[in-house]
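To start, the structure itself, in structure tokens.
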Amino acid sequence: MKKIALGLTTVALSLSAAISHAGDVEVLHYWTSGGEAASVEVLKQEMVSAGHNWRDFAVAGGGGESAMTVLKSRAIAGNPPTAAQIKGPTIQEWGDLGFLSNLDSVAKAGNWDSLLPDVVSNAMKYEGHYVAAPVNVHRVNWMWANPEVFKKAGASIPTTWEQFIVEAKKIKAAGFTPLAHGGQAWQDATLFESIAMAQGSKFYNDAFVELSEQTLRSDEMISVFDTFKQLRDLVDPGFSGRDWNIATSMVINGDAAIQIMGDWAKGEFTAAGKQPGIDYVCYPAPGTSGSFSFNIDFLAMFNVKEAGQQAAQQDLARLILEPKFQETFNLNKGSIPARLNMPRDQFDSCAHSSMDAFLASSSTGDLVPSMAHGMAANSMVQGAIYDVVTNFFNSPSMTSQEAVDKLARAIKASM
Amino acid sequence: MVGLFVFPCSDSFYSEVFIMKSQNSLRPTSVQRKPKQTLADWMPKIVMAPTFIVTVVCMYGYMVWTGILSFTSSRMLPSYNFVGFDQYERLFNNDRWIVALSNLGVFGGLFIVICLFLGVVLAIFLDQKIRAEGAIRTIYLYPMAISFIVTGTAWKWLLNPTNGLEKLVVDMGFEDFKFDWLINPDMVVYCLVIAAVWQASGFVMALFLAGLRGVDGDLIKAAHLDGASTFTTYRRIILPSLKPVFFSALVILSHIAIKSFDLVAALTNGGPGYSSDLPANFMYAHTFTRSQIGLGSASAMVMLGCVLAILVPYLYSELRGKRHE
Amino acid sequence: MSNQTIKQPSKVLNNVLRIALYTVLLTMAAIYLMPFVVMLLTSLKDVEEIRSGTLLSLPSTLGFESWQKAWSSACTGSSCEGISPYFLNSFQIVLPAVAISTLLGALNGYVISLWKFKGSDLFFAALLIGCFIPFQVILLPMARTLGWLGIANTTTGLVFVHVVYGVAFTTLFFRNFYQSIPEELVKAARLDGAGFFTIFYRIILPVSIPIIVVTVIWQFTQIWNDFLFGVAFSGFDTQPVTVALNNLVNTSFGGKEYNVDMAAAIIAALPTLAVYVLAGKYFVRGLTAGAVKG
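Chains as they are written, first to last, in our numbering: chain A, 1 to 415; chain B, 1001 to 1325; chain C, 2001 to 2294.
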């Protein structure tokens, strides 16, 4: 089943790369919010200065649904883009279908094996060969807060979910929206995932990676749903269908106190010119301070025919791992670099704490893949979880026991 | 993702209207022409050939292909591992699909009834020698020109309880006014109805207006001479003669309802939860986002079944009617 | 054809009724206009006014900066050229697609109505059913077909897709219109030695204006407003304006610029709006001609 181009061909490719300099890279992505777009611009500039043509193929939509439709349509047409932004397990699915091109030579030259943490490099390999390049590591279990609002409401930063609910009620009483949230399935799941993580990494992994029915039906899971339902009263009535960055701007503008969202939200704060520790503060989501739920963005490289394109593709992969790019991109995006041992002085305190947590958690086993962002299970299981979670959050009558039943059944049906 | 899809609908609309009319026109059905074989005899077939080919391939071919996929375990991309009726079984065990189907029932029923009612009433009102009829007609008709991709944000605002109609009315002094259907799972489907009626009812009005303008003036005059009131004239003479228009409007509207996609994608994206999902959105989500092509194909086949259930009786009566002529 | 003249109730009652009638009609007009008015007003406000005001509050000053920005400098993803390039893309897709599908539709309708051959009615029925398939179904197989034809992700490819799924509709329009033309007319012309195309060109086309207008308006609106095909089959440089609009609305830099979003939305809708407003009269007239009088 070795469908990807291997060995000799790769050498031939990298040789031809040396000969033909300029090529086109068409990059399909869904980085369209402010911080994200600025980050892509960095990569674009790098490629242009390396003599290539950057063809920006942005297809908006937070979860990337439209972008994935485009990718499938292009792949089936036999005309895939040079590179596309896709997620962990999906890389394996594309690899199975033989669409991805081999980056081993670039990886070897760049010494990727030692540069990258295992959790990153394993996700980007298909059958032991590098097929994608990681641009960043996101931490999903973050809590963003507006200290001004907290001060006005006389509330303090919560460290457990029980405390969260107590403080949030104070904030609500003071006339602010406690929790900035957007009613989209993936945002509901992001919130849910952070609550589940507070039950410990073993529980989390058993539930969302191993999909153990016993854990899914456990009392802990029921209490996760209980907490989750309580949060429903802490969002404003206009949350329905709101995009995540609009929710972030509610915190930025001081309309809302807290957002539970991955660190891409920091990109929005940065783009709005806000300073961490002054205009906003970042804390791990309640009860998850030692844990790190990761969401890694990759650019997977697709098989392309033209030699110029192939060369440009290899160059793209190389540039993505360059320290300069990793630094600039992640400063804009809010995430931390995918490669280890980067200089940290440019990054802010939130990023530092993220980097520390990443290193610490990878040795304690508290480094877990994000379910809400497709790192833990395939898209079928993920979809099944989304359905139950979002339906539960929005239906006043469903009990936690019912939700747990539905979750266990839905996951079973989609495996 | 803001979705897509532009009212694919009313293809049939003219067809229906025109077919009705054509039934009344006198036209021999069998033609006796047998001149010698020339290029001209082949011309009609040559001209039709491209359409024939694309219809066979791009409509029926694809349909059959989708039908085949619905019996396979296809996930991210099509595969041919046959699993019998498994996907259909999964489909009807899927809570979300049941919600989508029942939404279609509620949404479709209300949408059709309200559009027909508004269409008839507005058309009759507009037919009363109204000043500035052209302007008013254009205003009623313009929503049809714009897709929900464009008006989606405005609609979301209008329906949103914190900054939309609710706030507007509350600011006017009616403090108890509540309009939060958009975030209420039990009511959100009515939001879809409102927006869909807004888009299509003007069009239905135009249909009926065209129908009204075509009613034989002598009939109306005769009725009036007999002393019938305006109301009676409409009820007894004019409306019954619009039956064909009424029927075509019904078919078009059911068609719009079944294909509705943009609407949900732009307004609610299925939410809250999945309470406002419609079958087309279910299919799209499963085929493309969730890598369940087999399940998505099965749902597409069920949708096609619904379409055929409406269309085949109609076509049957249509073609049979012609034979009797 | 109206009927107020013959049977007249008292003048007063009549006046009351007419006032009520106008009230209803104008209220409905206001309701229909509401979403558009909201968009228009929002596009003219600045961001601060949008935050502080209500949906229907008037802008304090009339500024078209947001329109300018939407047209030429707003960002969609990482390219900041506004929606103007995509606007042109849309025209490059729409114009040929409308022309080709209308022409094909006219010829097909002509054959199905006036040059019947064995199976042409059956084919018509098949065509009618065919245009009811949900478009989401055909995305994957069409992608493969376009790949085979070597026109994937090009303007040509998009034109092809729109023609394929438009021709069923246009054929229906023309077929139903031509049904009312007596077949004897064609027969007589044939006896005079006129050929297939001569008859079409000399006799049929001149009477087809109303239905051509209807078809062109219809197709133009459909194709211009398309998003699904546009997003699935376009390349990075052939995206139509609806796709660009969606990108633009989803791109924001620390706070949404609703005024720019709304301005872009209105710009994207302008061509179809113009067609309906300017040609709407002919649209309804064409309907009337085709539907009822023949």
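Virtual Cβ for every residue (Gly too), placed ideally from N, Cα, C.
In this text, all values refer to a predicted model and were calculated from it rather than measured experimentally.
Supposed contact pair residue j and residue i - C-beta distance, whole angstroms, cut 8 Å
i        : j        : result
L299(A)  : Q85(A)   : 6 Å
A1100(B) : D1277(B) : 4 Å
G254(A)  : E167(A)  : Between E167(A) and G254(A) the Cβ distance is about 17 Å, and since that is not below 8 Å, they are no contact.
D113(A)  : S121(A)  : 7 Å
S1260(B) : A1196(B) : 7 Å
F294(A)  : V119(A)  : 7 Å
V130(A)  : L97(A)   : In the sequence as displayed, the identity of residue 130(A) is Tyr instead of Val. Not quite, the Cβ-Cβ distance comes to about 17 Å (not below 8 Å), so this is no contact.
G334(A)  : A265(A)  : 7 Å
T1055(B) : S379(A)  : Rounded, the Cβ-Cβ distance is 34 Å, inconsistent with contact.
I296(A)  : V137(A)  : 5 Å
T2238(C) : T2154(C) : 6 Å
A377(A)  : V224(A)  : Contact doesn't hold; Cβ gap of about 17 Å is too wide.
Through-space distance from residue j to residue i, alpha-carbon basis
i        : j        : result
T2215(C) : G78(A)   : 34 Å
L1026(B) : T2251(C) : Any reading at L1026(B) is ruled out, since the residue's pLDDT is 39, under 50, leaving its predicted position unreliable.
N141(A)  : S370(A)  : 9 Å
V2167(C) : F2196(C) : 20 Å
P2059(C) : K2045(C) : 5 Å
I1237(B) : K1129(B) : 19 Å
R242(A)  : T1268(B) : 10 Å
L2287(C) : K229(A)  : 54 Å
L2273(C) : F2117(C) : 40 Å
V281(A)  : G262(A)  : 14 Å
N332(A)  : M1172(B) : 44 Å
P1272(B) : Y1190(B) : 13 Å
L2056(C) : D2121(C) : 53 Å
Q2068(C) : V48(A)   : 28 Å
P1240(B) : V1057(B) : 41 Å
S1317(B) : P1244(B) : 13 Å
R344(A)  : I1068(B) : 55 Å
Minimum C-alpha distance to residue i - residue among the options
i        : options                                   : result
I411(A)  : F393(A), S212(A), L116(A) and E220(A)     : S212(A)
S1254(B) : K1221(B), L1239(B), L1116(B) and N1163(B) : L1116(B)
V2164(C) : A2097(C), E2184(C), F2123(C) and W2067(C) : A2097(C)
L2040(C) : G2063(C), F2283(C), L2185(C) and N2153(C) : G2063(C)
W251(A)  : T270(A), D233(A) and G241(A)              : Per the sequence shown, the amino acid found at residue 251(A) is Val instead of Trp. Ranking T270(A), D233(A) and G241(A) by Cα distance to V251(A) puts T270(A) first.
P2035(C) : N1103(B), F1082(B), V1113(B) and L1159(B) : L1159(B)
P1050(B) : T2061(C), Q2068(C) and L2103(C)           : L2103(C)
L1141(B) : A1300(B), Q1199(B) and F1231(B)           : Q1199(B)
V1264(B) : L1192(B), I1310(B), A1210(B) and V1307(B) : L1192(B)
Residue i: CB within 7 Å of a non-hydrogen atom of the ligand PLP
i        : result
M1301(B) : As presented, the structure is devoid of all ligands, the ligand PLP included, so that no description of it is given.
Cβ-based neighbour list, residue i, same chain, cut-off 6 Å, excluding 5 preceding and 5 following
i        : result
F2229(C) : V2161
A458(A)  : What the structure shows of chain A is the stretch from 1 to 415, and residue 458(A) is not part of that stretch, so it cannot be assessed.
V1031(B) : Confidence at V1031(B) is low in this model, with a pLDDT of 46, below 50, so the placement of that residue is unreliable and no value is reported for it.
F1071(B) : F1082
S2113(C) : R2175, Y2178 and Q2179
Contact set for residue i: own chain, Cβ-Cβ below 7 Å, skip 5 residues either direction
i        : result
K1034(B) : The predicted model places K1034(B) with a pLDDT of 49, which falls under 50 and marks its position as unreliable; any figure quoted below should be read in that light. Excluding sequence neighbours, K1034(B) sits near nothing in its chain.
A272(A)  : I252
E2049(C) : P2059 and S2060
G1164(B) : W1157 and L1158
8 Å Cβ shell around residue i - same chain, five flanking residues per side excluded
i        : result
P80(A)   : L71, R74, F99, F302, N303 and V304
L2158(C) : I2093, A2097, F2229, G2230, F2233, S2234, T2238 and P2240
F2123(C) : I2112
Y1234(B) : I1124
* Asked: For the region 52–60 of chain A against the region 22–42 of chain A, are there 3 or more C-beta pairs whose distance is under 8 Å?
  -> yes
* Take every Cβ of the region 175–195 of chain A, pair it with every Cβ of the region 242–261 of chain A, and state whether three or more of those distances are shorter than 8 Å. => They touch, by the three-pair rule.
Item to check | the region 2123–2137 of chain C touching the region 2181–2195 of chain C, judged by at least three CB pairs closer than 8 Å | outcome: no
- Query: Does the count of Cβ pairs from the region 2257–2270 of chain C and the region 1150–1166 of chain B closer than 8 Å reach three?
  - Reply: yes
Margin query: Contact between the region 388–402 of chain A and the region 309–321 of chain A is defined here as three or more beta-carbon pairs at a separation below 8 Å; is this criterion met?
Written below: Not touching, per the Cβ criterion.
Margin query: Taking contact to mean 3 or more Cβ pairs, one atom from each stretch, closer than 8 Å, check whether the region 281–290 of chain A and the region 188–197 of chain A are in contact.
Written below: Taking 8 Å as the limit for Cβ pairs, the verdict is that the region 188–197 of chain A does touch the region 281–290 of chain A.
Three-pair Cβ contact test at 8 Å for the region 2025–2035 of chain C versus the region 2217–2234 of chain C:
The region 2025–2035 of chain C, when compared against the region 2217–2234 of chain C, does not touch it at the 8 Å Cβ threshold.
Check whether the region 2178–2188 of chain C and the region 2202–2210 of chain C are in contact - that is, three or more C-beta pairs closer than 8 Å. yes
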